[in-house]
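Engineer: Sharing a structure with you now.
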Amino acid sequence: MEKIQLSLLFKIIGIGSASGLLFQNNTILAIGDNSSYLYEYQTETSKLQRHPLAENPQENTPKAFKPDFEAITQYADSIYIFGSGSTENRNFMVQVDSKTKEVIKTQDLTDLYLTMQSFAKIAPEDFNIEGVIYNGETWFFFNRGNGKTAKNVVFTVEGKNLVNEFQIISNEYKLPKIKGVRTSFTDAILVDDKIYFLASAENSNSTYDDGEVLGSIIGRIDVKKMKIDFTQKISDTHKFEGITLYKKSSNEIEFLLCEDNDTEVLEADIYQLKLKTK
């Protein structure tokens with residue numbers, strides 16, 4: 215897993231601080247951590263649509279009030295979008311119809327997030343959900359260990375719902391460093407029985423305040439063992455915060471990555487990452 219190729223594939227005007235994305239049928243669905251919209255971008259026509267996720271949606275919400283949507287995942291006919299849980303107003307999940315892009319429901323996940331913090335002994339100020347995977351039976355939540363205690367944790371959650379009937383298992387990971395700074399989870403995707411994850415190094419020990427970006431890695435976790443198969447640095451300068459499957463063949467897998475530019479500029483760069491699997 216040594217041969218990689220990273221290149222800029224799309225530049226989307228109208229999306230800022232991209233934090234998660236999905237790809238299907240020549241369409242990119244993206245969220246931004248400053249925004250309360252779901253963005254739909256047609257790669258063949260460059261057409262961009264905005265779908266509100268809340269009443270009175272904004273594209274550059276003031277930091278203290280933003281829902282901080284950091285994770286997006288899809289199963290069957292539903293898209294699920296999650297707040298990071300890093301402050302009290304960031305605890306919401308929005309379920310969206312994948313066909314109409316209309317909001318089905320919004321749920322407060324405060325109890326789930328508090329249980330995760332207690333279960334893994336993560337202080338509230340170090341809690342920061344940046345990626346979520348759902349396979350129809352099990353949820354995987356990725357806590358970004360960019361707080362003082364650097365707890366990179368994957369929560370495996372099962373149950374009838376995420377509000378009051380769930381069971382949790384947690385696995386903590388010590389990820390590689392870049393320039394002396396520990397990398398931390400920023401997103402993940404399930405491909406077959408493997409989890410491919412992104413992690414970035416940022417010179418800050420706060421889940422709230424941004425720091426100097428030192429680079430990003432990609433890695434893979436075996437779902438059955440929940441052990442890391444490999445990690446590899448993919449950039450010295452980018453903070454990649456979203457990953458989705460683009461193409462897959464017998465000897466290569468391709469992802470689309472999005473980058474959080476930590477500014478109010480409404481412009482998103484979407485990168486293509488190729489990995490040789492044989």
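One gets the numbering used here by counting positions in the sequence shown from 1 and adding 214 to each. Ideal Cβ placement from N, Cα and C applies to all residues, glycine included.
(1) Is the separation between the beta-carbon of Gln188 and that of Lys488 shorter than 7 Å?
(2) Do three or more CB pairs link the stretch 342–361 to the stretch 310–318 at distances below 8 Å?
(3) Count Cβ pairs between the stretch 330–339 and the stretch 394–403 that sit closer than 8 Å; are there 3 or more?
(4) Spatial neighbours of Thr363 within its chain, please: C-beta separation below 6 Å, excluding the five flanking residues on both sides.
(5) Determine the burial state of Asn366: buried for a count of at least 16 other Cβ atoms within 10 Å of its Cβ, exposed for fewer.
(6) Going by beta-carbon coordinates alone, are Asp401 and Gly350 separated by less than 7 Å?
(7) Could you have a look at Tyr272 and say whether DSSP puts it in helix, strand or coil?
(8) Assign Val427 to one of two classes, buried (16 or more other C-beta atoms within 10 Å of its C-beta) or exposed (fewer than that).
(9) Who are the Cβ neighbours of Asn274 in its own chain at under 7 Å, not counting the five residues just before and after it?
(10) Suppose you measure from the CA of Leu328 to the CA of Gly297; what does that come to, to the nearest Å?
(11) Can you tell me the Cα-Cα spacing of Pro276 and Glu269, whole angstroms?
(12) By the three-class DSSP mapping on this structure, what secondary structure does Thr287 have?
(13) Less than 8 Å between the CB atoms is what I'm expecting for Ile435 and Ile448, so what's the real figure, rounded?
(14) With H, G and I counted as helix, E and B as strand and the rest as coil, what does DSSP make of Pro266?
(15) Under 8 Å by Cβ, that's how I've got Ile226 and Tyr255 pegged, so tell me the actual separation to the nearest angstrom.
(16) Helix, strand or coil, according to DSSP, for Asp340 in the structure here?
(17) Out of curiosity, what's the CA-to-CA distance linking Arg156 and Asn465?
(18) Please classify Ser414 as buried or exposed, where buried requires at least 16 neighbouring CB atoms within 10 angstroms.
(19) Following the continuous alpha helix (DSSP H) through Leu326, name the residue where it begins and the one where it ends.
(20) Does any C-beta atom of chain C lie closer than 7 Å to the C-beta of Gly230?
(21) Going by beta-carbon coordinates alone, are Met307 and Phe369 separated by less than 7 Å?
(22) Run through DSSP, which three-state label would Glu466 get?
Structural biologist: To lay it out plainly:
(1) Any question about residue 188 goes unanswered here, given that the chain covers just 215 to 492.
(2) no
(3) no
(4) Asp340
(5) buried
(6) no
(7) The identity of residue 272 in the sequence shown is Gln, whereas the question assumes Tyr. Coil, per DSSP.
(8) By the beta-carbon neighbour count (other beta carbons within 10 angstroms, threshold 16), Val427 is buried.
(9) Gly230, Asn248, Glu478
(10) 14 Å
(11) Looking at the two C-alpha atoms, the distance is approximately 16 Å.
(12) strand
(13) In fact, because the Cβ distance is near 16 Å, the residues do not count as touching under 8 Å.
(14) strand
(15) Indeed, because the Cβ distance is near 5 Å, the residues count as touching under 8 Å.
(16) Helix, per DSSP.
(17) Outside the shown range of the chain (215 to 492) lies residue 156, about which nothing can therefore be said.
(18) buried
(19) 324–334
(20) This model lacks chain C altogether; it includes just one protein chain.
(21) For the 7 Å CB-CB criterion, Met307 and Phe369 do not form a contact.
(22) strand
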